[in-house]
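K.L.:
In this note's numbering, the protein residues as written are 5 to 109. Backbone N, C-alpha and C define an ideal beta-carbon position, used for all residues, glycine too.
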């Protein structure tokens, strides 16, 4: 895969992520903040972006979303086969709620 194709795919992913994140923020700010791991200030900013601003922002060659599982123990615990899906989902929510929220600079 060449660099142009990779950059285009990153842009497509960024656009999809930003549109989804904005929709989540507009539907329920508190839930979106929890699911996306962002501060209220960042959620408010994202919720107020115009479509043209989102498209412009998405054209970055850098991923705008980040992988929230920064260490092996968390990822391992969340991917371990569990017979109780509800318990595994609750465990995921507990682990993610303990992570630091990103603060808008």
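Quick one: is residue 90 buried, meaning 16 or more other Cβ sit within 10 Å of its Cβ, or exposed?
P.N.:
If you draw a 10 Å sphere on the C-beta of residue 90, you find fewer than 16 other C-beta atoms in it, and that means exposed.
K.L.:
I need the boundaries of the alpha helix (DSSP H) containing residue 6, first residue and last residue.
P.N.:
That residue, residue 6, is in no alpha helix (DSSP H); it is neither H nor E in DSSP.
K.L.:
Could you name the residues of the same chain whose beta carbon sits closer than 8 Å to that of residue 68, not counting the 5 residues immediately before and after it, in chain order?
P.N.:
18, 21, 22, 61 and 62
K.L.:
CB-CB under 6 Å to residue 40, same chain, minus the five flanking residues each way: which ones, in chain order?
P.N.:
25
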